[in-house]
Amino acid sequence: MTYRPLDEHGLKALLGDLPDLRARLGGAQEAWRVSEVGDGNLNLVFIVEGADDALIVKQALPHLRIVGESWPLPLARAWYEQMALKAQAEAAPGLLPKIHFADREMALTVMEYLRPHVIVRKHMIAGVELPRFADDVARFLAQTLFRLSPLGCGAAAHKARVEAFAPNVELCRITEDLVFTDPYRVAKLNRWTSPQLDDLAATVRADSELKRAAQERKFQFLTCAQALIHGDLHTGSIMATVDDTRVIDPEFGFVGPMGFDIGAMLGNLLLAYFSQEGHETSPGERDLYRVWLLDQLVHVWNGFAEQFLALWRAESNHPELQGGECFEAELFADAEGQASLEASRQAFLRTLFEDSLAFAGAKMIRRVFGLAHVADLESITNSGRRAVCETRAVALARTLLVTPRQFSSIEDVADAAALVSAVR
Ligand code: SR1
Ligand code: MG
Numbered sequence: 007m008t009y010r011p012l013d014e015h016g017l018k019a020l021l022g023d024l025p026d027l028r029a030r031l032g033g034a035q036e037a038w039r040v041s042e043v044g045d046g047n048l049n050l051v052f053i054v055e056g057a058d059d060a061l062i063v064k065q066a067l068p069h070l071r072i073v074g075e076s077w078p079l080p081l082a083r084a085w086y087e088q089m090a091l092k093a094q095a096e097a098a099p100g101l102l103p104k105i106h107f108a109d110r111e112m113a114l115t116v117m118e119y120l121r122p123h124v125i126v127r128k129h130m131i132a133g134v135e136l137p138r139f140a141d142d143v144a145r146f147l148a149q150t151l152f153r154l155s156p157l158g159c160g161a162a163a164h165k166a167r168v169e170a171f172a173p174n175v176e177l178c179r180i181t182e183d184l185v186f187t188d189p190y191r192v193a194k195l196n197r198w199t200s201p202q203l204d205d206l207a208a209t210v211r212a213d214s215e216l217k218r219a220a221q222e223r224k225f226q227f228l229t230c231a232q233a234l235i236h237g238d239l240h241t242g243s244i245m246a247t248v249d250d251t252r253v254i255d256p257e258f259g260f261v262g263p264m265g266f267d268i269g270a271m272l273g274n275l276l277l278a279y280f281s282q283e284g285h286e287t288s289p290g291e292r293d294l295y296r297v298w299l300l301d302q303l304v305h306v307w308n309g310f311a312e313q314f315l316a317l318w319r320a321e322s323n324h325p326e327l328q329g330g331e332c333f334e335a336e337l338f339a340d341a342e343g344q345a346s347l348e349a350s351r352q353a354f355l356r357t358l359f360e361d362s363l364a365f366a367g368a369k370m371i372r373r374v375f376g377l378a379h380v381a382d383l384e385s386i387t388n389s390g391r392r393a394v395c396e397t398r399a400v401a402l403a404r405t406l407l408v409t410p411r412q413f414s415s416i417e418d419v420a421d422a423a424a425l426v427s428a429v430r
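Going letter by letter, the sequence shown gives residues 7 to 430 in my numbering.
So this is what it looks like as structure tokens:
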């Protein structure tokens, strides 16, 4: 199929020519209801409803949706997304949407329609508690980052993934520019709550320690090929109900630093936390929800660390699994070796914790001063109140990015967030 952006008519014709999907939707093709619901920055997203079932159709546009044709983007991102969805679904069963059909030329993916799932960011703006969220996200992180790294798979499989995702250059460049560089310089597309944050934006641009930390993390992002990562794992990339969680949209996927995915999640939970006061209709209304959000922060990291270590102990070098080739069991066979291996695992987790906090800080700062903001903060219509929330978020973000080693645990981070938000 040659690429053409789809409209309602084109979409019905395309799905009508695919017998499996036509049967799945059911009823007469003319009666199918099509609505374009994409509210992200990059793609077209359609819901197609037939008599029997409904489907999601996602199609990449050749340019950045939020900017327009002046910012061309490769259609190939849909292919990286399809490859990542498949790899992650194998590594973390049950946590991704099912793919029914994919076409590389059309940059098109047809997926199960998740309902009544809602984007987690929207749930968090509305103050909805999600009992499964932290466990599921921790499992997604542990299973994908372990099993899609050389700790959990063979060297050849790892190198094949590095090669397969390495050409996802333009999407990675968006992150390199928008996350690690633009917020720290005068850039045409930067924006912030003005005039309230004008001075803080200038302070950020003049902060050498902060800029150095951001550049060190950019270097890590560019060079550290630890695992296939999602690449954009914010709360807008997760859909959930109270009893089901699915991770979507891994079009920024590539083999990169594990801490980038974990940090994206922790940073976005902190943004959700700091934005809560802006959503209150009476003072203190969101106090309990704030506590719940910090609990999620703690549970995501601790749950991840526990499951990641358990996978490392159980699956690495497992004779019946195609486990990793690092830390080969025969090198650590005796008691001293076992203790040494365990110390190595703990040290790995500690470094990963600091990486994750630093990336979390970078992800928070970009959402306040860069091009792409988050609805948690943007939906606070009173700019004065929004600026207060943003200033607090930036205060913690700077500490996370510059001195992640000052935090001995994720509980420390939660305490620091509570302290910052208590400052009037
Ligand atoms: C220019 S695209 C802006 C942002 O949207 C995506 O969700 C990524 O976070 C990207 O940085
Ligand atoms: Mg996305």
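Ideal Cβ placement from N, Cα and C applies to all residues, glycine included.
The three-state secondary structure of Ile105, taken from DSSP, is strand.
By the Cβ neighbour-count rule, Val426 is buried, with 16 or more other Cβ atoms within 10 Å of its own. For Gly22, there is no enclosing beta strand (DSSP E); the residue is part of the alpha helix (DSSP H) that begins and ends at 14 to 22.
From the listed residues Ile386, Glu334, Leu406, Glu417, the smallest Cα separation to Gly160 is found for Glu334. Closest in C-alpha terms to Ser414, from the list His240, Arg39, Ala108, Val304, comes Val304. Judged by DSSP in its simplified three-state form, Met7 adopts coil rather than helix or strand.
In this structure, the beta-carbon distance from Ala98 to Arg145 falls below 8 Å.
In the DSSP assignment, the residues bridged to Lys64 are Val51, Thr115. Ligand 2 has a heavy atom closer than 7 Å to the beta-carbon of Asp238. When secondary structure is reduced to three states using DSSP, Asp188 falls in the helix class. Exclusion of the five residues before and after Glu135 leaves Trp298 as the residues of its chain whose Cβ lies within less than 6 Å of its Cβ. It is roughly 16 Å from the alpha-carbon of Leu12 to the alpha-carbon of Ala82. Measuring C-alpha to C-alpha distances from Ala381 to each of Ala162, Ala60, Thr8, Met130 identifies Met130 as the nearest.
In the displayed model, Thr251 falls within a strand according to three-state DSSP. Contact between Leu294 and Ala366 is absent: CB atoms are separated by about 23 Å, not below the 8 Å threshold.
For Ala233, the enclosing beta strand (DSSP E) covers residues 233 to 235.
Between ligand 1 and Asn196, a heavy atom-to-CB distance of less than 7 Å is absent. Taking 7 Å as the cut-off, the C-beta of Gly259 does not count as close to any heavy atom of ligand 2. Cβ neighbours of Leu406 within its own chain (closer than 6 Å, five residues either side excluded): Leu363, Ala366, Gly367. Straight through space, the alpha carbons of Leu50 and Arg411 are spaced by roughly 41 Å.
Contact between the region 182 to 195 and the region 217 to 225 is present: 3 or more CB-CB pairs across the two stretches fall below 8 Å.
Look at Phe333 here: in three-state DSSP terms it is coil, with no helix or strand label. Nearest Cα to Asp142 within the set Leu70, Ala37, Ala246: Ala246. If you look at Pro78, you'll find it in the beta strand (DSSP E) that goes 74 to 78. Distances from the CA of Val261 to each of Val124, Met7, Phe52, Pro156 were compared; the closest alpha carbon is that of Pro156. When rounded, the separation of the alpha-carbon atoms in Ala424 and Ala401 is 12 Å. Excluding the 5 residues flanking it on each side, Glu55 has same chain C-beta neighbours closer than 7 Å at Trp38, Arg39, in chain order. Counting along the chain, Glu36 sits inside no alpha helix (DSSP H), nor does DSSP assign it H or E at all. For Phe413, there is no enclosing alpha helix (DSSP H), as DSSP marks it with neither H nor E.
Under the three-state reduction of DSSP output, Phe280 falls in the helix class. For Gly262, the enclosing beta strand (DSSP E) starts and ends at 260 to 262. Shown here for Ser385: same chain residues with a beta carbon closer than 7 Å to its own, the five before and five after excluded, namely Ile131 in chain order.
Setting aside the 5 residues that flank it on each side, Arg292 is surrounded in the same chain by Gly133, Gln282, Glu283, His285, Glu286, each with a C-beta closer than 8 Å to its C-beta; the list follows chain order.
A Cβ-Cβ contact shorter than 8 Å links Leu114 with Val63. Residue ranges of uninterrupted alpha helix (DSSP H) with 4 or more members, entirely inside the region 152 to 207 and ordered along the chain, are 161 to 171, 175 to 186. Sixteen is the threshold: when 16 or more other Cβ atoms of the shown chains lie within 10 Å of the Cβ of Lys369, as they do, the residue is buried.
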